[in-house]
Structure formats: structure tokens, C-alpha cells
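Colleague:
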Amino acid sequence: MAEQVGAAAIRGTAVAPPTAGGLATLARSRSGLFGVGIVVAVVLCAALPQIIAPYDPSVPKLSMAVQPPSAAHPFGTDQLGRDQLSRIIYAARVSLFIGVAAVLAAGGIGCSLGLASGYFGGWVDAAVMRLADVQLSFPFLLLVLTLNAVIGGGLRNVIVSLVLAGWPMYARVVRGEILVLVRREYVQAAVAMGARSRQVIWRHVLPNVAGAIVVTSISQISQFIVAEATISFLGFGVQLPTPSWGTMVGEQRDYVSLAWWLAAFPGAALAFTVLGVNLTGDWLRDALDPRRRR
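Under this note's numbering, residues 105 to 398 are what the sequence shown spells out, in order.
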């Protein structure tokens, strides 16, 4: 009976998702609403480009080459006469897919290694942290560019390079959270009652680090989107004819002095997307932190 009561008390320490509190925080936050609105708009563009885009982004029309913004083409046309607005909408799918896919893969690897490092300690902790320290000693963007130069460009290789360069951030964040949690009374009580390591991790550790993982993932999405745009701008990332914001800016850099809209609108789409993701991350940080909600 005492063990059942103790187990119930331990289970009661799990952190429930603060859905109501998070929505209340969002309703009071203008910046949060603005960020979520931008993210929703980008997601819709990525999910429904065939419906939202007014033209086919891959069909050239040389008679309409380098046309300024107009009613027919709100963002103008490029040097091949393709509609800039349509290409920006289709490029949202590429950038968002790369950001989310790389975050999921890097998060899975980094969280697993950080969890093992913080919970088991010893040689596991030393090996994982030394590897993370070696990677973090290199600038993130330089490491991504180097990896892409070695393995080649393309959508898949961009994701691979971002994952290989981005997992240490998750490992360090999760390890730091775990080192605090393993000293908590309810975790020590679960271990003393004979719970297996897998049970302790799934029931008492992971639910309490979920907030930190979510916030880190949001910030990593914006970082990965910017990194993809940068390496695509330099020619190591997404290859033509696939539209990408970075590729569009790099492709039009020779026309900037003649047609400002060719680089301005893809750059603005990238900037607003990153701004929206960062504002959404700030709101989630406030929503998932009970001290901030109070």
C-alpha cells in the first residue's frame, strides 16, 4: 500500500502540458500572436503552394523578363520572366522542410546522447561531451559549409550537414537539465523503489525536459533555415531549378543594381520567417516556464 501511494506521489510530479496557460499567454502577447501568424502563413504556403501561388514557378516567359512589381506580378519577375511571388511561395516548402527535418533528426541524436551522458555519467558523459566540445569549437556555419563541400550539395546533403553540425546543442541542453533532475527527490525515490532506468527516464526525466527541448528546437529551426539559405546562396546547398530563398538571392545578385526586387523580396521572406519562428519560440518559452507565467 505504501509503495502504491509513493508511486502515485511520484507520478504526480510529472509536468502536464500547460495548454490553457500557454493560450492565455499567447492571447496577452502581441509579439507572440504576430510570430504565430507568420509561422501559420509560411506553413500554409509550404503545404498548399499549388493553390496559393498564382503562376507556375518553373515556366519561363522571356517577354516578361525583369519586370518591376505590378498588379499582375506583385513581386515582379526574374531574368527568365518567372513570377517572383510564386517562386517565393514554393521556396517556403523547401526551407521549412529542411529546417523541420534537420531539427527532428538533430534533436533525436542530440537528445539521446545528452540523456545518456547526463543520466549514466562516467565514461559515457566524458566521451559525448568531448565530442560535442570538439564540434562546438568550430563556427557552426563554417562547419556546415565544410561538410557540404565534402559530401556535395542537394536537398538531402544539406539536411545531413545540418544534422551533423547541430546535434551538440541538444546534447548540452539535455545533459544540463538531466544533471539537475537526477538530484530531485522524486527521481531518487523512483530509483530507490526499484524502478528501472528506462522507466525513470520515460516517466520522470523526459517529461521534465520536454519544455527545454521544444524551445531549443524552435531556435534551431530558425538557425537551420538561415544556414540553408546561406549555403544555397554560395552554391553548396539546394541546386537549381529547385526554388530556395538563398538560391534566389544568389541567382539574382548580378541584377541587384538594375532590379532591386529580385533579391529584396526573397530576403524579406527569409527575414520575416526567421522573425516569426523566433517570436513563436519566445512565446513557447514563456508558456512552458511556470515561473514566467506567474
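Just so you know, even glycine gets a beta-carbon here, dropped at the ideal spot from N, CA and C.
Alpha carbon to alpha carbon, how far is Arg-397 from Leu-310?
Modeller: Position 293 of the sequence shown, counted from the first residue, corresponds to residue 397. Position 206 of the sequence shown, counted from the first residue, corresponds to residue 310. Note that Arg-397 has pLDDT 49, beneath the 50 cutoff, so the model's placement of it is unreliable and the number below is only indicative. If I take the Cα positions, the gap works out to 21 angstroms.
Colleague: According to DSSP, simplified to helix, strand and coil, what is Asp-187?
Modeller: Residue mapping note: residue 187 aligns to position 83 of the sequence shown, counting from 1. DSSP places Asp-187 in strand when its eight states are reduced to three.
Colleague: Applying the criterion that 16 or more other CB atoms from any shown protein chain within 10 Å of the CB defines a buried residue, is Val-381 buried or exposed?
Modeller: Locating residue 381 in the sequence shown gives position 277, counting from the first residue. Buried is the call here.
Colleague: Ignoring anything shorter than 4 residues or poking outside the region 140-187, list the alpha helix (DSSP H) runs there in chain order.
Modeller: 153-156
Colleague: In whole angstroms, what separates the C-alpha of Arg-276 from that of Gln-239?
Modeller: As a working mapping, residue 276 is identified with position 172 in the sequence shown. As a working mapping, residue 239 is identified with position 135 in the sequence shown. Approximately 12 angstroms, taken between the alpha carbons.
Colleague: Please classify Ser-241 as buried or exposed, where buried requires at least 16 neighbouring CB atoms within 10 angstroms.
Modeller: Translated into the one-based positions of the sequence shown, residue 241 becomes position 137. Burial call: exposed.
Colleague: Residues in its own chain within less than 6 angstroms of Val-170 by CB, not counting five upstream and five downstream?
Modeller: Numbered from its first residue, the sequence shown carries residue 170 at position 66. Result list for Val-170: Gln-183, Ala-363, in chain order.
Colleague: For Cys-149, I'd like the list of residues in its chain whose CB is within less than 7 angstroms of its CB, leaving aside the five on either flank, ordered along the chain.
Modeller: Residue mapping note: residue 149 aligns to position 45 of the sequence shown, counting from 1. Hits under 7 angstroms: Ile-156, Ile-193, Ala-196.
Colleague: Exposed or buried, what is Val-109 when buried is set at 16 or more other beta-carbons lying within 10 Å of its beta-carbon?
Modeller: Counted from its first residue, the sequence shown places residue 109 at position 5. Legend: pLDDT at Val-109 = 38, less than 50; position of this residue unreliable, no value from coordinates given.
Colleague: With DSSP collapsed to three states, give me the class of Leu-268.
Modeller: The residue you call residue 268 lines up with position 164 of the sequence shown. In this structure, Leu-268 counts as helix in the three-state DSSP scheme.
Colleague: According to DSSP, is Trp-364 part of a helix, a strand, or is it coil?
Modeller: In the sequence shown, the residue the question calls residue 364 occupies position 260. Trp-364: coil per DSSP, three-state reduction.
Colleague: Can you give the Cα-Cα distance for Arg-234 and Arg-300, rounded to whole angstroms?
Modeller: Numbered from its first residue, the sequence shown carries residue 234 at position 130. Numbered from its first residue, the sequence shown carries residue 300 at position 196. C-alpha separation (whole angstroms): 28 angstroms.
Colleague: Express the C-alpha separation of Ala-296 and Leu-379 in angstroms, rounding to a whole number.
Modeller: As a working note, residue 379 is residue 275 in the sequence shown. As a working note, residue 296 is residue 192 in the sequence shown. If I take the Cα positions, the gap works out to 47 angstroms.
Colleague: Taking three-plus beta-carbon pairs below 8 angstroms as touching, is the region 240-254 in contact with the region 266-284?
Modeller: yes
Colleague: Taking the alpha-carbon of Ile-263 as reference, which of Ala-294, Pro-161, Val-147, Gln-324 has the nearest alpha-carbon?
Modeller: The residue given as residue 263 occupies position 159 in the sequence shown. Minimum Cα distance to Ile-263 is reached at Gln-324.
Colleague: Could you check which residue in Asn-312, Val-353, Ser-216 has the C-alpha nearest to that of Val-330?
Modeller: What you label residue 330 is simply residue 226 of the sequence shown in a count that begins at 1. The option with the nearest alpha carbon to Val-330 is Val-353.
Colleague: Just to confirm before moving on: does the CB-CB distance between Gly-211 and Asp-386 stay below 8 angstroms?
Modeller: Counting from one through the sequence shown, the residue named residue 211 turns up at place 107. Counting from one through the sequence shown, the residue named residue 386 turns up at place 282. Their beta carbons are not under 8 angstroms apart, which means Gly-211 does not touch Asp-386 by this criterion.
Colleague: May I ask which residues mark the beginning and end of the alpha helix (DSSP H) holding Asp-229?
Modeller: Within the sequence shown, numbered from 1, the residue matching residue 229 stands at position 125. Per DSSP, Asp-229 belongs to the alpha helix (DSSP H) from 226-240.
Colleague: Would Leu-189 and Pro-153 qualify as a contact pair, given that the criterion is a beta-carbon distance under 8 angstroms?
Modeller: Counting from 1 along the sequence shown, the entry for residue 189 is found at position 85. Counting from 1 along the sequence shown, the entry for residue 153 is found at position 49. No, Cβ-Cβ distance for Leu-189 and Pro-153 is not below 8 angstroms.
Colleague: Please report the straight-line C-alpha distance between Ser-133 and Gly-141, rounded to a whole angstrom.
Modeller: In the sequence shown, residue 133 corresponds to position 29, counting from 1. In the sequence shown, residue 141 corresponds to position 37, counting from 1. Spanning the two alpha carbons is a distance of roughly 12 angstroms.
Colleague: Is there a Cβ from chain B that is less than 8 angstroms from the Cβ of Asp-237?
Modeller: Given the protein chain composition of this structure (a single chain), no chain B is represented.
Colleague: Expressed to the nearest angstrom, what Euclidean distance is found between the alpha-carbon atoms of Ala-145 and Phe-369?
Modeller: Residue mapping note: residue 145 aligns to position 41 of the sequence shown, counting from 1. Residue mapping note: residue 369 aligns to position 265 of the sequence shown, counting from 1. Spanning the two alpha carbons is a distance of roughly 16 angstroms.
Colleague: With a Cβ-Cβ cutoff of 8 angstroms, do Thr-351 and Val-342 count as a contact?
Modeller: Locating residue 351 in the sequence shown gives position 247, where the first residue counts as 1. Locating residue 342 in the sequence shown gives position 238, where the first residue counts as 1. Yes, the Cβ-Cβ distance between Thr-351 and Val-342 is below 8 angstroms.
Colleague: Between the region 217-226 and the region 276-288, can you find at least three pairs of beta-carbon atoms closer than 8 angstroms?
Modeller: yes
Colleague: State the Cα-Cα distance for the pair Leu-383 and Val-319, rounded to the nearest angstrom.
Modeller: The residue labelled residue 383 in the question sits at position 279 within the sequence shown. The residue labelled residue 319 in the question sits at position 215 within the sequence shown. Roughly 11 angstroms separates the two Cα atoms.
Colleague: Would you mind working out which of Thr-377, Leu-388, Trp-365 sits nearest Thr-181, comparing C-alpha positions?
Modeller: The residue given as residue 181 occupies position 77 in the sequence shown. Of the listed residues, the one whose Cα sits closest to Thr-181 is Trp-365.
Colleague: What are the boundary residues of the alpha helix (DSSP H) that Gly-315 is part of?
Modeller: Here residue 315 is taken as the residue at index 211 of the sequence shown, counted from 1. From DSSP, the alpha helix (DSSP H) with Gly-315 extends over 310-337.
Colleague: Taking the CB atoms as reference points, tell me whether Gly-257 and Phe-340 lie closer together than 8 angstroms.
Modeller: The residue you call residue 257 lines up with position 153 of the sequence shown. The residue you call residue 340 lines up with position 236 of the sequence shown. At the C-beta level, Gly-257 and Phe-340 come within 8 angstroms of one another.
Colleague: Below 8 angstroms CB to CB, which residues in the same chain sit around Ser-348 once its five sequence neighbours on both sides are set aside?
Modeller: As a working mapping, residue 348 is identified with position 244 in the sequence shown. Around Ser-348: Ala-195, Val-198, Ser-199, Glu-332, Ala-333, Ser-336, Gly-341, Val-342.
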